[in-house]
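Scroll down for the structure; my scribbles are underneath it.
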Amino acid sequence: MRTNFISIVFASAMAAACGNTQATQEGFTTEPAKYENKSHASDVTLLADYPKSGNATLTNAVCEYISEQLGGTYTGPLTSSDSIMAYYGNGQTTRLNELAKDMQGSAAAPLYYKQEIKVAAETDTYVTYTDFNEQFLGGAHGSHSMSGITFRKSDGRRFGYEMLRNTNTEDFRKLLKMGLKQYVESTGQKVNDDKQLAEVLFINNDVNYLPLPETPPYLTEKGMAFIYQPYEIAPYAVGSISFTIPYENLKPFLTETVNKLLATQGNAKQ
1059 MRTNFISIVF ASAMAAACGN TQATQEGFTT EPAKYENKSH ASDVTLLADY
1109 PKSGNATLTN AVCEYISEQL GGTYTGPLTS SDSIMAYYGN GQTTRLNELA
1159 KDMQGSAAAP LYYKQEIKVA AETDTYVTYT DFNEQFLGGA HGSHSMSGIT
1209 FRKSDGRRFG YEMLRNTNTE DFRKLLKMGL KQYVESTGQK VNDDKQLAEV
1259 LFINNDVNYL PLPETPPYLT EKGMAFIYQP YEIAPYAVGS ISFTIPYENL
1309 KPFLTETVNK LLATQGNAKQ
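Residue 1270 in this note's numbering is what sits at position 212 of the sequence shown, and the numbering runs on without skipping anything.
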């Protein structure tokens, strides 16, 4: 009887995540979470695809990630997306209102802050989130950033650069250069050689020895996505440089752990 009781308690604990009491085998689902507050001085919007059901370890890991991306200071339970969004949203509103007061109306437009944490890709084995952030705190222009992270569904493990190996090889650097060239040409600029690519990017380094992006890559249905933030390797006007390298091209550089995640790549969620 004691053994059965312990088993029941353990199963119940594993089934709960972020306030979710659904069975652990239930598919991963989300619901929209939102905060909005607009006044003459500030405009704050927070949006997130918040876990609703699924594997308890996965949903808890995603809830923690969302809280960390929003600021990482929330100390309450992750059971209510409304409470979390209100906590971070009110904090951003207070911050912007204080900045606006200090600027004493010198800003040409209301200060704003917007953050979207959304599901970008999902298969039977993983789910990928992206975090887009933009803000205007006065000055000539605002700023923005984009990042992403991939979670393994079975245990909520996060994946970043450890998905890759042999990134210091010539063949891998060629893939980075090809991705950058494709991005630049997608903006309407022609790139005939390495010199032109370097001029567009406004970098001093040899384009054959480009640094990896500061933010880690993430998995999508079409390939692994890479993002360079504004100013990282190019002027602000170029924006966030993003490109996707197909998995067939990356195969020599992927770990076996990632190959297993991609084994059901054809079962992408729509």
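Glycine included, C-beta positions come from ideal geometry on N, C-alpha and C.
In chain order, what residues of the same chain have a beta carbon less than 8 Å from the beta carbon of residue i, not counting five sequence neighbours either side?
i: P1304; result: K1280 and G1281
Answer with yes or no whether the minimum CB distance from residue i to chain D is below 8 Å.
i: P1293; result: Looking at the structure shown, chain D is missing, and only one protein chain is on hand.
Going by DSSP in three states, residue i sits in which element: helix, strand or coil?
i: A1295; result: helix
i: T1061; result: With a pLDDT of 45 at T1061, under the threshold of 50, the predicted position of this residue should be treated as unreliable, and no value is reported.
i: A1099; result: coil
i: E1272; result: coil
i: Y1145; result: helix
i: D1160; result: helix
i: K1248; result: coil
i: L1319; result: helix
Could you name the residues of the same chain whose beta carbon sits closer than 6 Å to that of residue i, not counting the 5 residues immediately before and after it, in chain order?
i: D1101; result: P1168 and Y1170
i: A1091; result: A1106, Y1108, S1139 and M1143
i: D1252; result: V1265
Strictly by DSSP, which residues pair up with residue i?
i: F1284; result: F1301
i: H1202; result: E1192
i: P1090; result: D1107
i: V1177; result: Y1187
i: L1312; result: L1222
i: T1208; result: T1186 and F1217
Short of 7 Å in beta carbon distance, which residues of its chain neighbour residue i, apart from the five on each side in sequence? Order them along the chain.
i: S1125; result: Y1132, L1136 and I1142
i: A1256; result: V1265
i: L1195; result: L1157 and L1169
(message) Quick check: the segment 1253-1270 against the segment 1202-1209, are at least 3 beta-carbon pairs closer than 8 Å?
(response) no
(request) Would you be able to state if there are at least three C-beta pairs under 8 Å between the segment 1272-1279 and the segment 1207-1223? (result) As far as the Cβ criterion goes, the segment 1207-1223 touches the segment 1272-1279, which means the pair count is three or higher.
(request) State whether the segment 1221-1236 contacts the segment 1187-1199, with contact taken as three or more CB pairs (one from each stretch) at a distance under 8 Å. (result) no
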